[in-house]
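> Its first residue numbered 4, the sequence shown is counted upward by one per residue in our numbering.
Ideal Cβ placement from N, Cα and C applies to all residues, glycine included.
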Amino acid sequence: QVQLVESGGGLVQPGGSLRLSCAASGFTFSYYTLSWYRQAPGKERELVARIASTSSITTYADSVKGRFTISRDNAKNTVYLQMNSLEPEDTAVYYCSAVVYNKPYWGQGTQVTVSS
4 QVQLVESGGG LVQPGGSLRL SCAASGFTFS YYTLSWYRQA PGKERELVAR IASTSSITTY
64 ADSVKGRFTI SRDNAKNTVY LQMNSLEPED TAVYYCSAVV YNKPYWGQGT QVTVSS
């Protein structure tokens, strides 16, 4: 079965960096677009970044452009989200997602807290 497992969240000070990882299994990873979403308390889940199967096409939310970088290692079945210059507004649970055979799958999420 499809599984997505996020890791790498934590508490970081404003201006700091974190790298999130999402390990995937149960499907042919290299064939699919992978996405990172986030959900802050009291807010709707929003798309943060997306990367196509060949890594040649990436998409970012305006709020993270220039600060976050999405990448993937198809040999390791892993997608990453490098987050730099973190701001308190980036505090949220971050989720990895893939749509496989037209069905959306989500990881359990990893908490990112940006606070001094």
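1. Helix, strand or coil for residue 65? Go by DSSP, reduced to three states.
2. Do residue 24 and residue 13 have their C-beta atoms within less than 8 angstroms of each other?
3. If I follow the unbroken beta strand (DSSP E) through residue 51, where does it start and stop?
4. For residue 50, which of 108, 40, 99 and 20 has the nearest alpha-carbon?
5. Tell me residue 106's beta-bridge partners as DSSP assigns them.
6. I'd like the list of long-range same chain contacts for residue 29, defined as Cβ closer than 7 angstroms, with 5 residues on each side in sequence excluded.
7. Three-state secondary structure (DSSP) at residue 34?
8. Please report the distance separating the alpha-carbon of residue 19 from that of residue 87.
9. Identify whether residue 90 lies in helix, strand or coil by the three-state DSSP scheme.
10. Can you give the beta carbon distance from residue 47 to residue 110, rounded, assuming they're within the 8 angstroms contact cut?
The answer reads as follows:
1. Three-state result, residue 65: coil.
2. no
3. For residue 51, the uninterrupted beta strand (DSSP E) run begins and ends at 49 to 54, by DSSP.
4. 40
5. Residue pairing of residue 106 in beta bridges, as defined by DSSP: 103.
6. Apart from sequence neighbours up to five positions away, the residues of its chain that approach residue 29 with a beta-carbon distance below 7 angstroms are 4, 5 and 6, ordered along the chain.
7. The answer is helix: DSSP assigns residue 34 an H, G or I state.
8. 6 angstroms
9. In the structure shown, residue 90 sits in coil (DSSP, three-state: anything other than H, G, I, E or B).
10. Contact doesn't hold; Cβ gap of about 18 angstroms is too wide.
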